[in-house]
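Those protein sequence lines, which keep their order, are chains Z and S. First residue of the first sequence? That's 1 in this note's numbering, and the numbers climb one at a time after it. First residue of the second sequence? That's 1001 in this note's numbering, and the numbers climb one at a time after it. Here the structure is laid out as structure tokens; the discussion comes afterwards.
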Amino acid sequence: MKLRVEVDGEEYLLDLNRQGSEATYQLRGVSNESGQASGLASVVETQAGVYSVLLGNRSFEVRIANGREPAEVWAGQHRYLISQADARDSAGKRKGAAAVGPQEIRAQMPGKVIGILVAPGQHVEAGQGLIIVEAMKMQNEMRSPKDGVVSKIKAVAGATVAQGEVLMTVE
Amino acid sequence: MLVANRGEIAVRVIRALREMNVASVAIFSEADRRALHVQMADEAVPVGPAASSESYLSIPRILHAAKITAAEAIHPGYGFLSENAEFASACERAHIKFIGPSSQTIEQMGSKTAARRVAIAAGAPVVPGTQQGIRDYDEARRTAAGIGYPVLLKAAAGGGGKGMRRVDRESELESAMRGASSEAERAFGSGEVYLEKLVDRPRHIEIQVLGDEHGHLIHLGERECSIQRRHQKVVEESPSPLVSERPELRHRIGEAAVRIARAANYTNAGTLEFLADQPGNFYFLEMNTRLQVEHPVTEWVTGLDLVQWQIRIAAGERLTLAQSDIAWRGSALECRVYAEDPLNNFFPSPGVIAQYTEPAGPGVRVDGGAYAGWTVPIEYDPLLAKLTVWADSRGAAIERMRRALAEFHVSGITTNLGLFARLLEDESFRAGNLHTGLLDEFMRTFAERSATSDDHDEAAVAAVLAAVSAGQKKIDGPTANGSANRWRSEARQGLFR
């Protein structure tokens, strides 16, 4: 069988062929030429969300945190975000366009707006501090992802904000 | 006994109580109904809303909880009310034993400036600087010029790095003073700041002391806590590599600590913090009049149970150990596992823990307060667990920690576990050349180091194959359409399940 998978935003083609109790695999990067691997593998789920993967004789314990798309997958101490192409949305595509076009600055977690460091219409540079949000007794200064102009400020100093709430926009 | 705390330290104290056959009472805020310490205690009492000012910091509510459960004593843990003289005094008035020193001692040693006066009177070395809070900018300018830049501004009433500012030149002094003072005001209710000489590349070395209520007090050696982020410790160890180089240092610093603690009539467990410079000069900084987060490393190397001793001492028992009875064996390391993102300026990462597996095996101890399925609340310190290891040498302890970290798995939220794995490979860390700025220096290259790894590619392949297998299992559910998914039914027969 052939599958398209996305690993940390990179797309791969996976070709899997079952052979008895094992399978051969071939993984190829779509845009990344060096992303190639092939061999013999065995995969078993040992507990809910925990997989034992043997690549040849190399043993990996892989854990999949459920309920997410893309899935959060840990192989040993490495963490990957993996989605299968037929199930994926445009999340990976958005990522590539990170600093182009209007950028919405969103609260990373619930908290309180402590200070707004810029004014509407102000020109800002990439990395410049825009707004300070306090959560868990820590102050986090959110910085501009690009050179641009602050077009909209939705946040109000002193207000509490929810995770993912748009605080301001930089164009 | 009521445990006036939450998280891993509440769990730690409850474990000691269980070993001593003492019934435990947990308290919890509305955010902590599902917390581990509530499940582990014999009884649990709600004390108010999520905001700690209305729950874990509410003296009347906690005393009420003690009253309705007929608790005879309160263990305050660390943080919250542990160093609050008013709380200790309220316990004394209510005839509930506060596990710690007297309210007078807490008051005296809780103020850094007063503690410093005690240390000077006891003949212990202190960092050059002011003894009192600075009145105004003019005084600050004159004092700083007198002791020489760089200087450090610090909150008189606080700790944990809040209200602290490094000042390299006079032109920065005024605004730094304003910043430190307002931060101190917000954090501790007092804007009083003082000024001291900044020791370059300092090491943070602290001495654990233990005193009974019959006038006997000893020290249990040092811990080095130089690995810090935002002036907060993240890795601690005993012995200090500096002390391993100069064994006489333990006795010199230990004696200074005992002199100060005796001068303060100190009882129960306490910690005296010192700054040491690279040649081994040391200066008293402040005293923590409570159990320390990093107490397990001392427990590893001395073989003593500090929490049990705290309780026995509070019950009036004599400390039956002489200074000469204390022997230090091997080397212990601690990593504080936080729900935070090292790649995003250590920003807290609360949320639901999807999976949580603690390491085990020889020489490994985990003091945890988290579990899979639990939501790390945003209201409190995001410490999930303390991972400590012991081995017969520092090098072996580092390897053991590396192994244990690899077994520690937390998903669903971001943690600093990956940072520790890299830090243990750092040359300066391995050589024991520690200083309080080491972690900041390390972080400058951390992102790059994270991106490169030997077995990365194979791990990615393993991850992909497991993810595909998991995806098929889901699709193979009762609603799957067999004809459209021939490869899936093939997979179901044998391999990927």
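In this text, a Cβ means the ideal position worked out from N, Cα and C, and glycines have one as well.
Nearest-angstrom beta carbon gap, residue j and residue i [assumed within contact, 8 Å]
i              : j              : result
residue 1025/S : residue 1041/S : 6 Å
residue 1434/S : residue 1007/S : Contact doesn't hold; Cβ gap of about 27 Å is too wide.
residue 1359/S : residue 1321/S : That belief does not hold up - the Cβ atoms of residue 1359/S and residue 1321/S are roughly 31 Å apart, past 8 Å.
residue 1385/S : residue 1369/S : 7 Å
Length of the line joining the Cα atoms of residue i and residue j
i              : j              : result
residue 1130/S : residue 163/Z  : 44 Å
residue 1428/S : residue 1236/S : 15 Å
residue 1194/S : residue 1273/S : 17 Å
residue 101/Z  : residue 144/Z  : 13 Å
residue 1255/S : residue 1219/S : 8 Å
residue 1345/S : residue 115/Z  : 18 Å
residue 1343/S : residue 10/Z   : 21 Å
residue 1329/S : residue 1157/S : 36 Å
residue 1335/S : residue 149/Z  : 43 Å
residue 1442/S : residue 1/Z    : 45 Å
residue 1175/S : residue 1167/S : 10 Å
residue 1117/S : residue 1266/S : 15 Å
residue 1030/S : residue 1057/S : 14 Å
residue 1271/S : residue 1333/S : 18 Å
residue 1028/S : residue 1054/S : 11 Å
residue 1373/S : residue 1069/S : 30 Å
residue 68/Z   : residue 1470/S : 12 Å
residue 71/Z   : residue 81/Z   : 5 Å
residue 1186/S : residue 1155/S : 11 Å
residue 1085/S : residue 166/Z  : 43 Å
residue 1080/S : residue 1353/S : 25 Å
residue 1017/S : residue 1291/S : 15 Å
residue 3/Z    : residue 1405/S : 34 Å
residue 1188/S : residue 1422/S : 35 Å
C-beta neighbour in chain Z for residue i, strict 9 Å
i              : result
residue 1345/S : yes
residue 1231/S : no
residue 1348/S : yes
residue 1457/S : yes
residue 1070/S : no
residue 1378/S : yes
residue 1082/S : no
residue 1409/S : yes
residue 1462/S : yes
residue 1057/S : no
residue 1387/S : no
Neighbourhood of residue i by C-beta distance below 6 Å, restricted to the same chain and skipping five residues each side
i              : result
residue 1180/S : 1153, 1163, 1165 and 1193
residue 12/Z   : 5, 27 and 29
residue 1199/S : 1275 and 1277
residue 1205/S : 1222, 1224, 1240, 1274 and 1276
residue 19/Z   : none
residue 147/Z  : 125 and 126
residue 1211/S : 1217, 1266 and 1267
residue 1420/S : 1335 and 1405
Contacting residues, own chain, Cβ-Cβ under 8 Å from residue i (five flanking each side not counted)
i              : result
residue 1098/S : 1073, 1074, 1076, 1087, 1088, 1091, 1092 and 1314
residue 110/Z  : 135, 160, 161, 162 and 163
residue 1063/S : 1090, 1091, 1094 and 1096
Interface flag, residue i vs chain S, CB-CB below 9 Å
i             : result
residue 123/Z : no
residue 16/Z  : yes
residue 45/Z  : yes
residue 127/Z : no
residue 72/Z  : yes
residue 32/Z  : no
residue 140/Z : yes
residue 41/Z  : yes
residue 201/Z : This structure cannot settle anything about residue 201/Z, because the visible part of chain Z is limited to 1 through 171.
residue 63/Z  : yes
Range of the contiguous beta strand (DSSP E) that encloses residue i
i              : result
residue 15/Z   : 10-19
residue 1286/S : 1282-1288
residue 1406/S : Careful: residue 1406/S lies outside any beta strand (DSSP E), inside the alpha helix (DSSP H) at 1394-1407.
residue 74/Z   : 71-75
residue 1210/S : 1203-1211
residue 1390/S : 1383-1391
Cβ neighbours of residue i in the same chain (closer than 7 Å, five flanking residues each side left out)
i              : result
residue 1280/S : 1242, 1246 and 1249
residue 1363/S : 1389, 1390, 1391 and 1400
residue 141/Z  : 129 and 132
Proximity test, residue i beta-carbon vs the ligand GDP heavy atom, cut-off 8 Å
i              : result
residue 1341/S : This structure lacks the ligand GDP, and indeed carries no ligand of any kind.
Residue interval of the alpha helix (DSSP H) (run including residue i)
i              : result
residue 1038/S : 1036-1040
residue 1256/S : 1248-1263
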